[in-house]
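So this is what it looks like as structure tokens:
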């Protein structure tokens, strides 16, 4: 979320008239501009900082021979420093609220309703990491704090606090699973994208380090759906802003047709979703429904057109 927040703020600075070199690791979709525009409408230039101040002594981005991760991390830290806690939280929360509400609405329209939503910001990463420290499961190296996950079956140790003091995503994962355990659940079930398979061992390692039985965690890996329009494969990237949303998919092929396509394959199998074929099948279903309704009417009421 910090990457999204800083992406929104940089677009906001663009709208204020600043010339901003947008980071290669930032989010570049139109929705980022939309969120930035809402901030600009409501707050004017109250959140403005000069581009020279924002980028002064920031490590080079990848297109300048630098490291894109270091570059975006430094921009996040700089934005927090310049904006202060209250203003940074305002940008962060606006981006979060808009995205979550959009996701919630799309899922509901698709027929998927979650009973509970859990905010990562409600977690205490510090407390979870402190427990690992107290157990002797961490060490400092190159200015960063590392978790000895290799001692619990992981292939290597993992950073939990970067040298700039920021918690890693893994640290938040540890805090979330600690929270699950403390809420008294006997069996934890996670549903992850298949690209996160490498996280299974490290999360189970963290659970063991915290004194829990790793067998209480089951991770279900879901493969991706690849979208085609006929023979053309559609490119998908949230960072570059190139993607087809679930809303667009539903509006183009229909909710029922889209849901049917998804259940044709098991979740652990790859799915090739052909938009053209789904649209044709959806039209075919509607046509059959119309013919059936017409037949039922004529059976009960007689022919619609009589000679």
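Residue numbers (the numbering used here): 258 to 564. By construction, the Cβ of each residue, glycine as well, lies at the ideal position given by its N, Cα and C atoms. In this text, all values refer to a predicted model and were calculated from it rather than measured experimentally.
Straight-line gap, residue 286 to residue 418 (C-alpha atoms, nearest Å): As a first step, residue 286 must be located in the chain shown, where it is residue number 29. As a first step, residue 418 must be located in the chain shown, where it is residue number 161. Computed Cα separation, rounded: 29 Å.
The beta strand (DSSP E) that contains residue 341, what's its start and end? What you label residue 341 is simply residue 84 of the chain shown in a count that begins at 1. Here residue 341 belongs to no beta strand (DSSP E); instead the alpha helix (DSSP H) covers 325-367.
On a CA-only basis, which of 305, 288, 293 and 279 is nearest residue 315? Give me that one, please. In the chain shown, the residue the question calls residue 315 occupies position 58. Measuring from the Cα of residue 315, the nearest candidate turns out to be 279.
Buried or exposed: which applies to residue 298, given that a residue is buried once 16 or more other Cβ atoms fall within 10 Å of its Cβ? Here residue 298 is taken as the residue at index 41 of the chain shown, counted from 1. Exposed is the call here.
Does DSSP classify residue 259 as helix, strand or coil? If you number the chain shown from 1, residue 259 lands on position 2. Helix, per DSSP.
Contact between the segment 524-537 and the segment 503-514: three or more CB pairs below 8 Å? Below 8 Å, enough C-beta pairs join the segment 524-537 and the segment 503-514 to call them touching: three or more.
Compute the distance between the beta-carbons of residue 348 and residue 262, then report whether it is under 7 Å. Taking the chain shown and counting its residues from 1, the one referred to as residue 348 is at position 91. Taking the chain shown and counting its residues from 1, the one referred to as residue 262 is at position 5. Less than 7 Å divides the Cβ of residue 348 from the Cβ of residue 262.
Could you check which residue in 505, 289 and 542 has the C-alpha nearest to that of residue 517? Here residue 517 is taken as the residue at index 260 of the chain shown, counted from 1. When each option's Cα is compared against that of residue 517, the closest is 542.
Let's test the definition: count the other Cβ atoms within 10 Å of the Cβ of residue 488 and tell me whether it reaches 16, buried, or not, exposed. Numbered from 1 along the chain shown, position 231 holds the residue referred to as residue 488. Burial state of residue 488 is exposed, judged by a 10 Å Cβ sphere holding fewer than 16 other Cβ atoms.
Residues bridged to residue 568 by DSSP? Look at the range of the chain in this structure, 258 to 564, and you will see that residue 568 is not part of it.
Would you say residue 268 touches the ligand FAD, meaning its beta carbon is less than 6 Å from a heavy atom? Judged by which ligands are present, the structure shown has none, so any question about the ligand FAD falls away.
Any 3 or more C-beta pairs closer than 8 Å across the segment 316-336 and the segment 266-283: Yes: at least three Cβ pairs fall under 8 Å.
Using DSSP bridges, identify the partner residues of residue 489. Stepping through the chain shown from its first residue, residue 489 is reached at position 232. Note: residue 489 sits in a beta bridge opposite 486.
Nearest candidate by alpha-carbon position, reference residue 340, set 527, 354, 311 and 330: Taking the first residue of the chain shown as 1, we reach residue 340 at position 83. The closest CA to that of residue 340, considering only 527, 354, 311 and 330, is found on 311.
Closest by CA to residue 313, which one among 374, 288, 301 and 277? The sequence position of residue 313 within the chain shown is 56, counting from 1. Nearest C-alpha to residue 313: 277.
Apply the 10 Å Cβ neighbour rule to residue 296 and answer buried if 16 or more other Cβ atoms are within range, or exposed otherwise. Numbered from 1 along the chain shown, position 39 holds the residue referred to as residue 296. It is buried - the Cβ of residue 296 has at least 16 other Cβ atoms within 10 Å.
Residue 432 and residue 469 - do their beta-carbons sit closer together than 7 Å? For the purposes of this step, residue 469 is identified with residue 212 of the chain shown, where counting begins at 1. For the purposes of this step, residue 432 is identified with residue 175 of the chain shown, where counting begins at 1. Contact: no.
For my contact list, residue 502 and residue 291 are in at a C-beta cut-off of 8 Å; report their separation, rounded to the angstrom. Reading the chain shown from its first residue, position 245 is the one you call residue 502. Reading the chain shown from its first residue, position 34 is the one you call residue 291. Here residue 502 is actually not in contact with residue 291; their C-beta atoms are around 13 Å apart, not less than 8 Å.
Quick check: what's the CA-CA separation for residue 402 versus residue 428? As a first step, residue 402 must be located in the chain shown, where it is residue number 145. As a first step, residue 428 must be located in the chain shown, where it is residue number 171. A straight line joining the alpha-carbon of residue 402 with that of residue 428 spans about 11 Å.
Taking contact to mean at least 3 C-beta pairs separated by less than 8 Å, is the segment 406-414 in contact with the segment 457-465? The segment 406-414, when compared against the segment 457-465, does touch it at the 8 Å Cβ threshold.
Return the bridge partner residues of residue 418 from the DSSP annotation. Along the chain shown, one-based indexing puts residue 418 at 161. Per the DSSP secondary-structure output, residue 418 pairs in a beta bridge with 402 and 424.
With three or more beta-carbon pairs closer than 8 Å as the criterion, would you say the segment 388-401 touches the segment 466-484? Touching, yes, given that three or more Cβ pairs across the two stretches are closer than 8 Å.
For residue 452, the first and last residue of its enclosing alpha helix (DSSP H): What you label residue 452 is simply residue 195 of the chain shown in a count that begins at 1. Per DSSP, residue 452 lies in no alpha helix (DSSP H) and is assigned neither H nor E.
Using a 10 Å radius around the Cβ and a threshold of 16 neighbouring Cβ atoms, would you call residue 490 buried or exposed? The count along the chain shown starts at 1 and reaches residue 490 at position 233. By the neighbour-count criterion, in which a residue is buried when 16 or more other Cβ atoms sit within 10 angstroms of its Cβ, residue 490 is exposed.
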